[in-house]
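In terms of this note's numbering, the sequence shown opens at residue 307 and continues consecutively.
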Amino acid sequence: MHNHVHYSVVFFLGLVSFITCFVAEFKRAKKEDIRWDTERNCYIPGSHAFWLGTAALFCFCIAQIVGNLVVFQNHKTRIKREDGHKITNLTLPTVLLILSWSNFVVVVLILSTAISMSRAQPYGKGWLEEDCYLVKDGVFTASGCLSILGLGALTISANKIKVKKQQQQLEAIVIKDQDQKQTTSEGRKQNHDDHQMNKSETVIYFVEEAPSTADDRI
């Protein structure tokens, strides 16, 4: 139940991040917004893309944290079999988790730079070394797509680990039942052997007693 809530939170925040990135793409500053003074100093006014990009980055970071909590919870609660065997086939979830974190770093760097460029760039200061910079076309949209891709990989990784845990639990139950049946069978066999041994001892006892009785009668 908790995992479903976490998945819903990750999906919702990821969707919000994508939408705000998509809207920021149309709200960013354009070339026609650049102004020049008599000394050829540039000026670019602040745009709504700054706040939209900030909201997208915030939602994406929260979704990444929640998704990793789900991964950690699923990985921590996986069980260990009585013979000491653990889950070893976690290659795909691990690869997806690494992909998610690599994607997270890329998205944060791109969005942070685009957000910084979306601030007002005053005359004589610009964004870097008195030069003005504009966010290139498709940067916010690409960041939104990458955020969805990273969160998708994270969600799949968490779900794969959960499935592996359920398979491990089922396998442990089957092995436990087999061990119980084997123990019961061995117990029955031991009881049968003991019973046969007792019957053999009784027969030997009577065989030994019979000659003795005949001698007494003579």
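The beta-carbon is built from N, C-alpha and C at its ideal position, and this holds for glycine as well. Keep in mind it's a predicted model, so treat the numbers as computed, not measured.
Q: Give a yes or no on whether the minimum CB-CB distance between L405 and chain D is below 9 Å.
A: In summary, chain D is missing from the structure at hand, where a single protein chain is found.
Q. Would you call the stretch 435–443 and the stretch 404–414 touching, i.e. three or more CB-CB distances under 8 Å?
A. Contact between the stretch 435–443 and the stretch 404–414 is absent, with fewer than three C-beta pairs closer than 8 Å.
Q: Determine the direct distance from the alpha carbon of N347 to that of G430, and round the result to whole angstroms.
A: Working through the sequence shown from its first residue, we reach residue 430 at position 124. Working through the sequence shown from its first residue, we reach residue 347 at position 41. Cα-Cα distance, rounded: 5 Å.
Q) In this structure, does DSSP put L403 in helix, strand or coil? A) Position 97 of the sequence shown, counted from the start, is the residue given in the question as residue 403. If DSSP states are grouped into helix, strand and coil, L403 belongs with the helices.
Q) With which residues is R346 paired in a DSSP beta bridge? A) Here residue 346 refers to the residue found at position 40 of the sequence shown. Note: R346 sits in no beta bridge, so no partner.
Q. For C437, which beta-bridge partners are listed by DSSP?
A. The residue you call residue 437 lines up with position 131 of the sequence shown. With the sequence shown as reference, residue 437 is identified as Asp, and Cys is not the correct amino acid for it. DSSP output for D437 lists L434 as bridge partner(s).
Q: For T326, verify whether its CB is less than 8 Å away from any heavy atom of the ligand FAD.
A: Looking for the ligand FAD in the displayed structure turns up nothing, as the structure carries no ligands at all.
Q | Buried or exposed (CB count within 10 angstroms, at least 16 for buried), L415 | A | Translated into the one-based positions of the sequence shown, residue 415 becomes position 109. Answer is exposed; the Cβ neighbour count stays below 16.
Q: Can you have a look at A426 and say buried or exposed, based on whether 16 or more other CB atoms are within 10 angstroms of its CB?
A: Numbered from its first residue, the sequence shown carries residue 426 at position 120. Per the 10 Å Cβ criterion, exposed.
(Q) Are the CB atoms of A361 and P351 within a distance shorter than 9 Å? (A) Position 45 of the sequence shown, counted from the first residue, corresponds to residue 351. Position 55 of the sequence shown, counted from the first residue, corresponds to residue 361. At least 9 Å separates the beta-carbon of P351 from that of A361.
Q. Which residues share a DSSP beta bridge with Q427?
A. Residue numbering aside, residue 427 sits at position 121 when the sequence shown is read from its first letter. DSSP lists I350 as partners of Q427.
Q. Where does S314 land, buried or exposed, given buried means 16+ other C-beta within 10 angstroms?
A. Position 8 of the sequence shown, counted from the first residue, corresponds to residue 314. S314 comes out exposed.
Q: Flag this pair as yes or no: are the beta carbons of F446 and A464 separated by less than 9 Å?
A: What you label residue 446 is simply residue 140 of the sequence shown in a count that begins at 1. What you label residue 464 is simply residue 158 of the sequence shown in a count that begins at 1. No, these two residues do not count as a Cβ contact at 9 Å.
Q) T527: buried (16+ other C-beta within 10 angstroms of its C-beta) or exposed? A) Since the first residue shown for the chain is 307 and the last is 524, residue 527 is missing from the structure and cannot be characterised.
(Q) Looking only at its chain, what residues have a beta carbon closer than 6 Å to the beta carbon of A355, apart from the 5 residues adjacent to it on each side? (A) Residue numbering aside, residue 355 sits at position 49 when the sequence shown is read from its first letter. Contacts found: A330, K333, R334 and S424.
(Q) Given this structure, state the Cα-to-Cα distance separating H310 from F317, to the nearest angstrom. (A) Here residue 310 refers to the residue found at position 4 of the sequence shown. Here residue 317 refers to the residue found at position 11 of the sequence shown. If you take the alpha carbons of H310 and F317, they lie about 10 Å apart.
Q: Tell me whether V411 is buried or exposed, calling it buried when 16 or more other Cβ atoms sit within 10 Å of its Cβ.
A: Residue 411 sits at position 105 when you count from the first residue of the sequence shown. So V411 counts as exposed.
Q.
Suppose you measure from the CA of C365 to the CA of L452; what does that come to, to the nearest Å?
A. Position 59 of the sequence shown, counting from 1, holds the residue named residue 365. Position 146 of the sequence shown, counting from 1, holds the residue named residue 452. So the alpha carbons of these two residues sit roughly 14 Å apart.
**Q.** Beta-ladder partner(s) of R341, from DSSP
**A.** Mapped onto the sequence shown, residue 341 falls at position 35. Beta-bridge pairing links R341 to Y349.
Q: Pick out whichever of S422, S323 and C327 has its Cα sitting closest to the Cα of Q370.
A: In the sequence shown, residue 370 corresponds to position 64, counting from 1. The option with the nearest alpha carbon to Q370 is S323.
**Q.** Simplified DSSP state of G610, which is helix, strand or coil
**A.** Nothing about residue 610 can be read from this structure; the chain reaches only from 307 to 524.
Q) Of the choices C367, G359 and K466, whose alpha-carbon is the least far from that of F328? A) Sequence index remark: in the sequence shown, residue 328 carries index 22 (1-based). Ranked by Cα distance from F328, the options C367, G359 and K466 are led by G359.
Q: Pick out whichever of T326, K466 and L319 has its Cα sitting closest to the Cα of T397.
A: Taking the first residue of the sequence shown as position 1, residue 397 is located at position 91. It is K466.
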